[in-house]
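Just so you know, my numbering puts 99 at position 2 of the sequence shown, and the rest follows in order with no gaps. Just so it is clear, CB atoms sit at the ideal spot from N, CA and C, and this is done for glycine as well. Structure, as C-alpha cells:
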Amino acid sequence: MVQVRVAGVALDASGQHVLLLKPVDQMPGDGYVLPIWIGQLEATSILVAVENADVPRPLAHDLMRSMLAALDAVATRVEVTRVEDGTFYAEVTLSTALGDRVVDARPSDAIALASRVGAAMWVADEVIAEAGVPDVLTDTDAAERLDEFKKFLDDVEPEDFDG
C-alpha cells in the first residue's frame, strides 16, 4: 500500500471530473498520479473538504461524518483496494466500540469522508502499477484549478445540492 493525498480534482477533455491521488512522498510533477473519474457532486464534496470551504447546508459526506460521531465511531483509514474493468473499489476502516469494521465504498465517497475526518488514504501497489500515470502537473495548473473552484463556490446555490 502507498499512502496518498488528494492532489486535485480536474476536468478531462470531455468535461468529466477526475480525482487525482498522489503518493504523499512525491512532489508535484514527479512520480505518478492516480486518476479516478468521479461524479460532479462527489468532486464538489471533495473540493469543499480539501479547501475547508463553507457550505450553507451539510453535504452527504458531512452527514456521514456526523453519523459516525453520533455513533462514537471514527473513520481511521480508507484504501483504494483494486481496479477491475476500469472500476475502482475502496474500503473504509471504522474504529468502533465493537472493534474495527471495514465497509465497502466507492473511492470518491471514501476520499470525501477521509478528507473531512483526517483519515489516512492508501492505494494498493497493484492499483498504482495498473492505473497510475506519470505526473505532469505544474504549480500553474494547480493555481488555475484553485481559482476555478473559488469561482464555482462564489456562484453555487444551495439548490445545486438538492437530491
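For E223 and R179, the gap between their C-alpha atoms comes out near 7 Å.
Residue environment: G136 is assigned as exposed (fewer than 16 neighbouring CB atoms within 10 Å of its CB, all protein chains considered). Annotated three-state conformation of S163 is helix, per DSSP. S111 counts as exposed, since fewer than 16 other C-beta atoms from the protein chains shown sit within 10 angstroms of its C-beta. Look at L117 here: in three-state DSSP terms it is strand. Beta-bridge pairing by DSSP links L131 to L118. When DSSP states are grouped into helix, strand and coil, E223 belongs to the helix group.
For A211, same chain residues with a beta-carbon under 7 Å away, outside a window of 5 residues either side, are A172, V175 and M218 in chain order. One thing to note: L144 has its Cβ no nearer than 7 Å to the Cβ of L131. Assigned with DSSP and collapsed to three states, A157 falls in helix. DSSP, reduced to helix, strand and coil, places E139 within a helical segment of the structure shown.
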